[in-house]
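The next block holds one structure in the form of structure tokens; read it before the comments.
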Amino acid sequence: MLSFYRMSFLRSAGTALVCAFALAGCSARGEMDQLEADLRNKEQAQEELTRQLAHAEEDLKVARSDAVALRKQLNRNRQVSLTEEQADVLYRAEAVKFNSLLTSGQNRDGQPGDEGLSVMLIPVDVHGDLVKLAGAVELELFDMSLEGEQQRLGQWTFTTDEVREHWHRGFISTGYLFQLDWQRIPSASELTLHAKLSIHDGRKFDATTQVKVDPPLPRSATADGGPGVRPAVESARRRKAAPAGKPAIVPASSTMKARRPAGLDAAAHPGEMPPVRKPRPDLRERPAREPADDPTRTSDRWTDETIPTLR
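Residue numbers (this note's numbering): 7 to 317.
Below, the structure written as structure tokens:
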């Protein structure tokens, strides 16, 4: 009886183990099938991309051949055509921007206030890299704190050939550097600068930035109160500004001399200030002279009163 139960238990355990191994095998087989399906899909996608790349390379070869043929045709007809390098630069340009370090007010004489404006303009491609592309440039400067037409402080235009002359390659940045004089002297310390670059194919690129400047002093302030004003002009201005009925006070000047009234007696009247005496030179500074002998007067018309006597 015991052996029967033992045999039944062993049979049941064996059946369970067989079922477990069967289930594990089915699961592993399913995962393998999924991995194989994913691998086939990736291989198909790679083949499709390889086929598209081959078509793109063929199209590029055809386009280059057409471009070469067109250039040859233009040259035969004596028309200007772009080289391959020029065409690459032309069609890579996507925008224009300012260099913030070289775009600001410019102080040229070391005195307070800026005398002009420095502008660095840079054409760039889609990645922001420099593209040496020349075109017509228009620069406009505005003071947005003013009203209406007073906002425009200046407008400068440059042709393509003029822009090429402004190419600058420096340690800080590389691009087109413009040094501009004020057309209208600004009064605000923050101005708005707008730039427009127009290239040969008709495209136009715009950029706007804020510029920090040091406004110069007005010329009227230095002309009225600064050094160098002539005394005659200053005295005339004070006489004109004096109120009616009161004598104008004229400051003393080295070019004006005091006049003494003609009817003034030799003796000063009581209460008047005596005339200022001129300082006499120091006699001690003069070299001492020997006393000269008093010459004896001689005459043949002596009288009793005038004849000299010996004492």
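Every residue, glycine too, gets a C-beta built ideally from N, C-alpha and C.
For G141, the closest of N105, Y182, L108, F177 by C-alpha to C-alpha distance is Y182.
Boundaries for E144: no alpha helix (DSSP H) harbours it, while the beta strand (DSSP E) harbouring it runs 142–148, taken from the DSSP string.
Here the alpha carbon of R114 sits roughly 11 Å from the alpha carbon of S124. For T163, the beta-bridge partners assigned by DSSP are E144.
For V102, the uninterrupted beta strand (DSSP E) run begins and ends at 101–104, by DSSP. By the Cβ-count criterion, A51 is exposed, with fewer than 16 other Cβ atoms from all chains shown falling within 10 Å of its own Cβ. For E153 and D120, the gap between their C-alpha atoms comes out near 23 Å. Put simply, the backbone Cα of F164 is about 5 Å away from that of V143.
Spanning the alpha carbons of D220 and G111 requires a straight line of approximately 7 Å. With distances taken between CA atoms, L147 lies nearest to G160 out of P129, L108, G160, G176.
As a beta-bridge residue in DSSP terms, K202 pairs with E144, D212. Between S195 and K210, the CB-CB gap reaches or exceeds 8 Å. In the three-state reduction of the DSSP assignment, K218 falls in the strand class.
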